[in-house]
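Notes for the one structure printed next.
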Amino acid sequence: MKKALIISNFFPPLNNIAAKRYGIMCKYFEKNGYIPYIIAGAADSRYLGSKHDLEVPVPEKNIIRVNVEGKIIKSKGVKLLFDFWDKTKFRARIIDSRDVLWYENVIENIDLNKFKDIDIVIGTYGIAGNLYIAKYIAGKLGCPYIADLRDFISDFHVMPDGYKHFYQLDYIVERYFLSAADGIVTISPGQKKIIQRRYPDKKVVTIFNGWEGDSIENTCDIQAKYIYYAGSMYEHTNTGLKILMKALKKVNEKENIKMIIRSIGPKEIDRKAKKIIKQMGMEHCVRILPAATDDIVKAERSRSYINIVLSSVDEVRPEMQSILPGKTYEFMREKVPILAITSSKSDLARLLSYTDKGLGTTAVDEMVKFILNANGNFAGNRNVEKFSRENQAARLCKYMDYIIKTEAVK
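When the letters of the sequence shown are read in order and numbered with the working numbering, they come out as residues 628 to 1037.
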């Protein structure tokens, strides 16, 4: 049995998409020849409004938990750099205070002798600190390391209001970490195409986030007919929300269909979303509820009329069209159709078409028609089975076999 060390600051019992990626796939590692070991944040680590109700998939003895709560960066040079950036309103995606804090505390608190028989190390981005640690540990142990990209690094140029993106630094540091990686994992075909073109000497593979478990019975006590969104809100999704509100307004001229939103934040994006809803006169149609436990969200999701995925509506940039929100797969096991507010050319739209689970579009008239006629349609086809977490874990383990074997003969 081989041993894999996974660096993921987000891990169960924290319940968010980042924690679920390895927090669920790890359940299937031993079945595929690997014992998983984890370096993760503290069990009560925080992320926006996320709950702590996700099952821990491996024995706690296999998890090294590092608490950074209340800690400060020790490197004076790095602190001065961040102070300068704050004053000049510069920011980079691949290096910020939380990355350095996470790196410093993990390196300080782990005993590498405990990992001397590890066969492979995986660092999952974001945060970038996971890549720093994975590269460092793999170098010390003399074993291969895989960079798992749940997101792009240098390709996204979205910054908080008032900040300038130091994307040149993102690109330089990205090349440093990915050129050194023995393998690269992406989460969508579009992302793979971009990364493979940039790093042609690397074996790049796509491991989808996937779904887990059976469909949920309709146990929610909400009786009104509603469409449903639960999860994080992002700057780029508010554009899609505005389009959806236009469609929902037209829908309600013909049929009374509401919308429920359970957002875990960030609060600033939530405020912008509420402003959009108010400006469009849709407050009577949209209920914004606080974050809830996984059981409540699953029940509400199963009872909904349509599940909504808010994504990028960009019709030009390939990196934005390659976004595949993890919640999409969680909806796949429900009988409920999925409406994704996204470019019809995106990987997300293609995924919904491939699995017959719904529609991806930015066209208001198409949304209206879909919402009014979705009942009983788009229950999914046999392709849905390919995207189970179990199948994706098996594919990942085969990829790790390949990387280990390839590096052994060099």
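Don't be surprised by glycine CBs; every beta carbon is placed ideally from N, CA and C.
Residue i, DSSP secondary structure in three states
i, result
"alanine 967", "strand"
"aspartate 983", "coil"
"lysine 905", "helix"
"threonine 988", "strand"
"threonine 846", "Note that threonine 846 scores a pLDDT of 48, beneath 50, so its modelled location is shaky; the value from the coordinates is reported in the next line. Here threonine 846 sits in coil by DSSP."
"serine 806", "helix"
"isoleucine 1041", "No information on residue 1041 is available, as it lies outside the stretch 628 to 1037 that the chain covers here."
"leucine 916", "strand"
"phenylalanine 742", "helix"
"asparagine 643", "coil"
"leucine 776", "strand"
"phenylalanine 793", "coil"
"arginine 720", "coil"
"serine 1015", "strand"
"arginine 825", "helix"
"isoleucine 1030", "helix"
"alanine 1035", "helix"
Option nearest residue i by Cα separation, candidates the options
i, options, result
"isoleucine 998", "Ile935, Arg960 and Lys1013", "Ile935"
"isoleucine 613", "Ile721, Ser890, Phe709 and Asn757", "Since the first and last residues shown for the chain are 628 and 1037, residue 613 lies out of range."
"arginine 725", "Asn736, Val705, Asn740 and Lys716", "Val705"
"serine 890", "Arg960, Tyr674 and Asn636", "Tyr674"
"aspartate 746", "Gly650, Lys830, Met628 and Ala645", "Met628"
"aspartate 744", "Tyr790, Phe779 and Lys630", "Lys630"
"isoleucine 711", "Leu739, Ser672, Tyr790 and Lys698", "A small fix is needed here, since residue 711 is phenylalanine in this sequence, not isoleucine. Minimum Cα distance to phenylalanine 711 is reached at Tyr790."
"tyrosine 1029", "Val800, Val831 and Ser931", "Val831"
"aspartate 713", "Asp797, Arg1016 and Phe793", "Phe793"
"threonine 864", "Met947, Leu708, Tyr803 and Gly753", "Met947"
"aspartate 778", "Gly750, Tyr763 and Ile1031", "Gly750"
"glutamate 1034", "Glu657, Val748, Phe717 and Pro827", "Val748"
"lysine 984", "Gly1007, Thr833, Pro663 and Lys762", "Gly1007"
"arginine 960", "Thr969, Pro945, Leu979 and Ser949", "Leu979"
"alanine 1021", "Ile633, Lys829, Leu632 and Cys653", "Cys653"
"alanine 918", "Ile904, Lys894, Glu696 and Lys881", "Lys894"
"methionine 994", "Thr969, Glu942 and Val1011", "Thr969"
"leucine 805", "Tyr826, Lys819, Val943 and Gln795", "Tyr826"
"arginine 1016", "Gln795, Leu986, Ile834 and Gly769", "Ile834"
"glutamate 687", "Ile662, Leu708, Leu707 and Ser702", "Ile662"
"lysine 819", "Arg1009, Ser949 and Ile737", "Ser949"
"lysine 741", "Leu707, Lys996, Leu632 and Tyr730", "Leu632"
Limits of the unbroken alpha helix (DSSP H) element including residue i
i, result
"tyrosine 655", "Run containing tyrosine 655: none; DSSP gives neither H nor E here."
"isoleucine 854", "Note, isoleucine 854: premise wrong, no alpha helix (DSSP H); beta strand (DSSP E) at 853-858."
"serine 929", "921-930"
"phenylalanine 956", "Here residue 956 turns out to be tyrosine, not phenylalanine, going by the sequence shown. Residues 954-959."
Test item: CB-CB of residue i and residue j under 7 Å
i, j, result
"leucine 967", "serine 938", "According to the sequence provided, residue 967 is alanine. The question's leucine does not apply to it. Contact: yes."
"isoleucine 822", "isoleucine 811", "yes"
"alanine 669", "asparagine 694", "yes"
"methionine 886", "isoleucine 933", "no"
"alanine 926", "proline 964", "no"
"tyrosine 772", "alanine 719", "no"
"isoleucine 721", "alanine 755", "yes"
"tyrosine 655", "serine 635", "no"
"isoleucine 690", "glutamate 839", "no"
"tyrosine 861", "isoleucine 888", "no"
"isoleucine 700", "leucine 728", "yes"
"glycine 817", "glutamine 1019", "no"
"proline 973", "threonine 988", "Position check: residue 973 holds serine in this sequence, whereas proline was assumed. In this structure, threonine 988 does not lie closer than 7 Å to serine 973 by Cβ."
"lysine 698", "asparagine 642", "no"
"serine 781", "tyrosine 763", "no"
"lysine 852", "isoleucine 884", "yes"
"threonine 982", "valine 1011", "yes"
Span of the beta strand (DSSP E) around residue i
i, result
"threonine 813", "810-813"
"threonine 751", "747-752"
"glycine 668", "661-668"
"valine 831", "831-833"
"serine 939", "Element bounds for serine 939: n/a, residue is neither H nor E."
"serine 890", "885-890"
"isoleucine 691", "690-693"
Neighbourhood of residue i by C-beta distance below 6 Å, restricted to the same chain and skipping five residues each side
i, result
"aspartate 848", "Because the pLDDT at aspartate 848 is just 48, under 50, the model does not fix this residue reliably, and the value given afterwards should be weighed accordingly. Counting only Cβ-Cβ distances below 6 Å, and skipping sequence neighbours, we find nothing."
"lysine 647", "none"
"tyrosine 956", "Asn836, Gly837, Trp838 and Phe1014"
"leucine 776", "Tyr752 and Thr813"
"glycine 953", "Ile644 and Asn836"
"lysine 962", "Ala1006"
"aspartate 1038", "What is shown of the chain runs 628 to 1037, which leaves residue 1038 out entirely."
Cβ shell of residue i (< 8 Å), same chain only, five flanking positions each side left out
i, result
"valine 991", "Ile870, Lys873, Ala874 and Lys877"
"alanine 900", "Met860, Asn865, Leu868, Ile888, Ser890 and Ile915"
Contacting residues, own chain, Cβ-Cβ under 7 Å from residue i (five flanking each side not counted)
i, result
"valine 733", "Ile666, Val693 and Ile760"
"threonine 846", "A caution first: threonine 846 carries a pLDDT of 48, below 50, which makes its placement in the model unreliable, though a value can still be read off. Excluding positions up to five away in sequence, the list reads Ala926."
"proline 639", "Ala646, Gly650, Leu681, Glu682, Val683 and Pro684"
"valine 800", "Ile721 and Ile722"
"lysine 767", "Leu739"
Beta carbon proximity, residue i to chain D, threshold 7 Å
i, result
"isoleucine 734", "The structure shown contains no chain D, having only a single protein chain."
Closer than 6 Å: residue i CB and nearest the ligand PLP heavy atom
i, result
"alanine 967", "As for the ligand PLP, it is missing from this structure, which has no ligand bound."
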